[in-house]
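A.B. asks:
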């Protein structure tokens with residue numbers, strides 16, 4: 009098992025970095041790496057990890073869905089509320105219908121089996137779509153109209169529609185249920201769709217309130233790590249409970265995060281930061297193991313006919329579903345086209361249910377599995393690349409709401425040092441803040457008269473309070489105020505730290521009067537620290 013973890017992390021990380029250097033989404037490299045190390049090719053993963061891969065992928069999905077819920081923008085979703093509702097079923101239903109018709113005439117199957125394949129293929133993958141939409145939100149693409157939020161909300165609900173309808177048609181084929189004799193049973197099964205979505209919303213709301221209640225009690229969690237554990241345990245409980253209660257667990261997990269955000273934005277911000285750190289590792293496991301689950305040996309069975317069926321579903325069904333869902337809304341044609349690409353990726357659901365018809369003895373099950381695998385290989389990389397490529401070209405860029413996403417910023421501070429106790433105090437204060445923000449320090453010493461400047465070795469020794477922080481030592485000469493400002497501007501400094509001390513009559517002034525000049529003309533915030 010340890011060997012498998014090592015392979016997944018090492019290969020997934022390297023492949024992701026290579027993809028990133030090539031300008032591709034990192035998940036494409038991770039997916040391909042999973043295919044390479046999986047049992048169908050190099051077979052580098054131990055059998056125990058393959059057996060547990062479904063559960064490991066579920067844990068990673070829990071993390072990314074929670075992260076998505078903690079960043080949903082309620083106002084943006086409510087602005088286009090009917091669009092989010094329609095996105096929950098129209099794209100999936102229309103794509104499934106187009107796939108069914110294409111399969112009926114290309115493969116020559118009966119209608120029930122053709123529809124079964126349609127419900128397998130039409131589900132979008134939260135594993136691919138959620139990370140991509142979160143990335144768009146962080147970069148500000150489409151946030152003014154809430155397009156990433158609409159795709160997140162609608163796509164998660166559509167999976168409940170697809171999986172429920174898959175179960176209905178599978179029952180018809182395996183148990184021999186027909187429309188004439190099983191009308192009541194069919195109606196009851198169709199009711200599963202709104203029931204699963206409604207119960208998913210309810211369970212997610214209750215779970216979110218439970219998390220907020222527990223974390224408001226000081227004796228339950230004493231640190232943000234404890235808060236994170238409580239959140240993920242409750243989320244895991246949601247996923248496990250769906251085997252006993254018929255609800256959409258993916259939707260429930262996202263709603264749980266959303267309820268936490270709406271109830272306590274301070275807590276949500278802290279949790280979002282920690283969940284983001286967990287996702288760095290979870291992302292590698294999720295996509296490498298999805299790739300490893302792909303059975304490349306069956307692709308040949310699908311052939312060109314399988315490609316035609318998948319393309320028909322995407323280019324006709326998904327397109328029509330997105331355009332019907334966004335009709336009479338503020339969303340432009342270019343934005344609708346982007347939503348088609350952004351919502352097209354297949355992976356998680358297909359990897360989970362694609363092999364069930366074959367295992368249940370459905371005629372044509374091997375072809376269903378082959379086309380499901382082919383859909384993953386075509387749409388997951390294409391959707392990920394298309395989303396990253398088209399977003400800057402088809403979406404307007406707005407300002408991301410830092411209350412809804414984790415904003416990654418690199419900070420840099422400048423500390424003006426003249427050897428005085430006040431400048432040492434400024435260094436200590438800057439170092440303390442730099443540790444919290446993982447910031448860099450520019451340590452500036454200015455020679456402004458005939459006094460010999462401090463040597464680099466002396467400055468290194470003086471830098472002791474900040475020795476654990478990435479620092480740059482700068483020695484310059486000239487007017488101290490001008491040099492401080494010029495250095496700060498040329499190095500992109502966010503804050504200037506300076507010592508403030510009382511100057512006695514007759515004492516030679518160093519930084520004492522410089523501070524007034526810098527604070528008067530600098531366009532960068534100046535923090536004065538008493539010595």
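In the working numbering, the protein residues as written are 9 to 539. The C-beta atom is built at its ideal place from N, Cα and C for all residues, glycine as well. Given the structure is predicted, the values throughout are model-derived calculations rather than measurements.
(1) Between residue 348 and residue 470, what straight-line distance do the alpha-carbon atoms span, to the nearest angstrom?
(2) Measure the beta-carbon distance from residue 258 to residue 54 and round it to whole angstroms, keeping in mind my assumption that it falls under 8 angstroms.
(3) Do you know offhand how far residue 52's Cα is from residue 44's?
(4) With C-beta atoms as the reference, is residue 58 less than 8 angstroms away from residue 300?
(5) Determine, using beta carbons only, whether residue 282 and residue 317 come nearer to each other than 8 angstroms.
(6) With a threshold of 16 other CB atoms inside 10 Å of the CB of residue 9, please say whether the residue is buried or exposed.
(7) Count the other CB atoms, across all protein chains shown, that sit within 10 Å of the CB of residue 329; report buried if there are 16 or more and exposed otherwise.
(8) Give the single residue among 274, 289 and 129 whose Cα lies nearest to the Cα of residue 315.
(9) Below 8 angstroms between beta carbons: does that hold for residue 307 and residue 125?
(10) Is residue 263 close to chain E? Criterion is C-beta to C-beta, closer than 8 angstroms.
(11) For residue 452, which three-state DSSP category applies?
(12) For residue 492 and residue 465, what's the separation of their Cα atoms in angstroms?
(13) Should residue 188 go down as buried or exposed, given a rule of 16 or more other Cβ atoms within 10 Å for buried?
(14) Quick check: residue 501 and residue 420, are their CB atoms within less than 8 angstroms of each other?
(15) Of all the beta strand (DSSP E) runs that stay within the bounds of the region 457-537, which reach a length of 3 or more residues?
(16) Are there three or more Cβ pairs, one per stretch, closer than 8 angstroms when the region 289-298 is compared with the region 26-39?
(17) Below 7 angstroms CB to CB, which residues in the same chain sit around residue 152 once its five sequence neighbours on both sides are set aside?
(18) Please report how far the alpha carbon of residue 85 lies from the alpha carbon of residue 161, in whole angstroms.
(19) For residue 146, which option in 503, 396 and 488 has the closest C-alpha, if you only look at C-alpha atoms?
(20) Let me check one thing: in DSSP terms, what residues is residue 95 bridge-paired to?
(21) Specify whether the region 353-360 and the region 335-342 touch according to this definition: at least 3 beta carbon pairs, one from each stretch, less than 8 angstroms apart.
(22) Check whether the Cβ atoms of residue 264 and residue 343 sit closer than 8 angstroms, and answer yes or no.
(23) Would you mind reading off the limits of the alpha helix (DSSP H) that contains residue 241?
(24) Are the CB atoms of residue 286 and residue 216 within a distance shorter than 8 angstroms?
(25) Can you give me the Cβ contacts of residue 87 inside the same chain, cut-off strictly under 7 angstroms, excluding the 5 residues immediately before and after it?
(26) Quick one: is residue 3 buried, meaning 16 or more other Cβ sit within 10 Å of its Cβ, or exposed?
(27) Pull up the CB-CB distance for residue 423 and residue 434, whole angstroms please, since I reckon it's below 8 angstroms.
(28) With H, G and I counted as helix, E and B as strand and the rest as coil, what does DSSP make of residue 189?
(29) Tell me which same chain residues have a C-beta within less than 8 angstroms of the C-beta of residue 235, skipping the five on either side of it?
(30) Excluding the 5 residues preceding and the 5 following residue 248 in the sequence, name in chain order all residues of the same chain whose CB lies nearer than 7 angstroms to its CB.
(31) Which of the three DSSP states, helix, strand or coil, is assigned to residue 252?
(32) Which first and last residues belong to the alpha helix (DSSP H) in which residue 165 is found?
(33) Taking only runs of the alpha helix (DSSP H) that begin and end inside the region 327-403, which ones reach a length of at least 4 residues, in chain order?
C.D. replies: Once the coordinates are examined:
(1) Going from the Cα of residue 348 to the Cα of residue 470 covers about 58 angstroms.
(2) About 28 angstroms separates the two Cβ atoms, so there is no contact after all.
(3) 9 angstroms
(4) yes
(5) Result no, Cβ atoms of residue 282 and residue 317 do not sit closer than 8 angstroms.
(6) exposed
(7) Burial call: buried.
(8) Ranking the options by Cα distance to residue 315, first place goes to 129.
(9) no
(10) Reference to chain E is not applicable here, since this structure consists of a single protein chain.
(11) strand
(12) 21 angstroms
(13) The predicted model places residue 188 with a pLDDT of 47, which falls under 50 and marks its position as unreliable, so this point remains unresolved.
(14) yes
(15) 479-485 and 503-508
(16) yes
(17) 404 and 406.
(18) 8 angstroms
(19) 396
(20) Its beta-bridge partners do not exist; DSSP assigns none.
(21) no
(22) no
(23) 232-249
(24) no
(25) Scanning its chain for C-beta atoms nearer than 7 angstroms, with the 5 sequence neighbours on each side dropped, one finds around residue 87 the residues 154, in chain order.
(26) No information on residue 3 is available, as it lies outside the stretch 9 to 539 that the chain covers here.
(27) 6 angstroms
(28) Note that residue 189 scores a pLDDT of 46, beneath 50, so its modelled location is shaky and nothing firm can be said.
(29) 223, 229, 275, 278, 279 and 282
(30) Nothing listed; no residue qualifies.
(31) The DSSP-derived three-state label of residue 252 is coil.
(32) 155-183
(33) 327-333, 341-350, 356-361, 364-367 and 373-402
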